[in-house]
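Read through the structure below, which is laid out as structure tokens, and then see the notes.
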Amino acid sequence: MDGDLKKQSRAVLGSVRALLEELSEEGLERIAAPTDVADPPSPINLPAQPREAEERPPIADPAPPPSPAPVSTPGPQDLGLERSWGASPSLEEVREALGECTRCPLHEGRNKIVFGHGDPDADLMFIGEGPGENEDQQGLPFVGRAGELLTQMIEKGLGIPRSSTYICNIVKCRPPGNRDPLANEVSTCRPFLDGQIDAVKPKVIVTLGKPAASLLLGHDVAITRVRGQWHDYRGTPLMPTFHPAYVLRQYTEAVRRHVWNDLRAAFERSQQGSET
Ligand code: SF4
287 MDGDLKKQSR AVLGSVRALL EELSEEGLER IAAPTDVADP PSPINLPAQP REAEERPPIA
347 DPAPPPSPAP VSTPGPQDLG LERSWGASPS LEEVREALGE CTRCPLHEGR NKIVFGHGDP
407 DADLMFIGEG PGENEDQQGL PFVGRAGELL TQMIEKGLGI PRSSTYICNI VKCRPPGNRD
467 PLANEVSTCR PFLDGQIDAV KPKVIVTLGK PAASLLLGHD VAITRVRGQW HDYRGTPLMP
527 TFHPAYVLRQ YTEAVRRHVW NDLRAAFERS QQGSET
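Structure representation (structure tokens):
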């Protein structure tokens, strides 16, 4: 009997250890002792994920949101919802179809629609989650501190003008309080993102952060596991990497090296065949 109990205990401890290792990889910093827990039903201290570093607390996780994950399965059935354009639209056609959009509740708090910016024929397309405060004010994607870092990585790191790439987000309106966009907001706005991809026809897509990777890969992903690996989105090579805001929070050599390797791999692949 004692032997059985020991075996069961060892099995339970092994499962707990595996769970803790997985949570740690996802960014869990600590599990509070029972005395730390007052009202919250869970003792696990899950941090929220900032979209822009200057607007969010300096926490250590790329993406453990308690709010609904903005994930829906990609596929042709999703892609015709709002398409008033053909298979090869121009960005202007997609923008015109979007109009002064009020299709989801995010329009209520926005200042400006942040459609996207860059070269309509870009080889490299970056996709983030949604506009932050600076973006909402200016109507341009990635113009805060995280945007500055992205620009540096593109221009100083890859040696190409930012304007030679195309940059946009999953949702085009800033979620209130910089919360993660909800699933219905993502699914409502998603056809316009697909329209942008169809218009630009990039050679490579780079998703920035967990939500964008999860959306385009069709399931909730651990960014630490999928980054640095090649994936495919409707025939276009897709490279997930960390969000620049995460890089700002975790400004370690390892994180910077990961992102640098991801971006360089994406850029090199986007150039294959360009010089022939
Ligand atoms: S987030 Fe997208 S679907 Fe929602 S109101 Fe803005 S543009 Fe329209």
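All residue numbers for the sequence shown refer to the working numbering, where the first residue is 287 and numbers rise by one.
Where a beta carbon is used, it is the ideal one built from N, C-alpha and C, also for glycine.
Through-space distance from residue j to residue i, alpha-carbon basis
i           : j           : result
residue 498 : residue 465 : 14 Å
residue 354 : residue 516 : Note that residue 354 has pLDDT 41, beneath the 50 cutoff, so the model's placement of it is unreliable and no number is given.
residue 553 : residue 527 : 13 Å
residue 432 : residue 518 : 26 Å
residue 459 : residue 394 : 9 Å
residue 474 : residue 404 : 23 Å
residue 520 : residue 476 : 14 Å
residue 557 : residue 397 : 37 Å
residue 530 : residue 448 : 15 Å
residue 536 : residue 400 : 27 Å
residue 550 : residue 441 : 12 Å
residue 467 : residue 461 : 6 Å
residue 439 : residue 424 : 21 Å
residue 544 : residue 505 : 22 Å
residue 522 : residue 500 : 16 Å
residue 422 : residue 430 : 10 Å
residue 538 : residue 383 : 42 Å
residue 555 : residue 532 : 24 Å
residue 542 : residue 420 : 24 Å
residue 463 : residue 385 : 24 Å
Host beta strand (DSSP E) of residue i (start-end)
i           : result
residue 523 : 522 to 527
residue 567 : There is simply no residue 567 to check, as the chain begins at 287 and stops at 562 in what is shown.
residue 517 : 517 to 519
Span of the alpha helix (DSSP H), counted from its first residue to its last, around residue i
i           : result
residue 544 : 539 to 557
residue 455 : Premise fails: residue 455 lies in the beta strand (DSSP E), 452 to 455, not in any alpha helix (DSSP H).
residue 478 : 469 to 486
residue 388 : It is not in any alpha helix (DSSP H) - residue 388 carries neither H nor E in the DSSP assignment.
residue 422 : 419 to 424
residue 530 : 530 to 535
residue 512 : 509 to 512
Cβ-based neighbour list, residue i, same chain, cut-off 7 Å, excluding 5 preceding and 5 following
i           : result
residue 366 : Unreliable placement is indicated for residue 366, whose pLDDT of 45 sits below 50; no coordinate value is reported for it.
residue 546 : 443
residue 524 : 491, 493, 502, 517, 518
residue 380 : 371, 478, 481, 482, 485
residue 375 : 481, 484, 485
residue 361 : Here residue 361 scores only 42 on pLDDT, less than 50, and its place in the model should not be relied on; the value that follows carries that caveat. Around residue 361: no qualifying Cβ.
Rounded Cβ spacing between residue i and residue j (contact assumed at less than 8 Å)
i           : j           : result
residue 451 : residue 412 : 6 Å
residue 548 : residue 513 : 6 Å
residue 428 : residue 414 : 7 Å
residue 453 : residue 402 : 6 Å
residue 488 : residue 377 : Not quite, the Cβ-Cβ distance comes to about 12 Å (not below 8 Å), so this is no contact.
residue 534 : residue 426 : Contact doesn't hold; Cβ gap of about 19 Å is too wide.
residue 471 : residue 417 : Contact doesn't hold; Cβ gap of about 12 Å is too wide.
Residue-chain proximity (residue i, chain B), Cβ-Cβ < 9 Å
i           : result
residue 374 : In the structure shown, chain B cannot be found, because there is only a single protein chain.
Residue(s) in a DSSP beta bridge with residue i
i           : result
residue 414 : 455
residue 492 : 412, 525
residue 404 : 452
Beta-carbon contacts of residue i that lie in its chain and below 6 Å, excluding the five residues immediately before and after
i           : result
residue 507 : 499, 500
residue 540 : none
residue 373 : none
Cutoff 8 Å; reference residue i; Cβ partners in own chain excluding five residues on either side
i           : result
residue 595 : The requested residue 595 does not occur in the structure, where the chain is confined to residues 287 to 562.
residue 406 : 376, 377, 452, 485, 486
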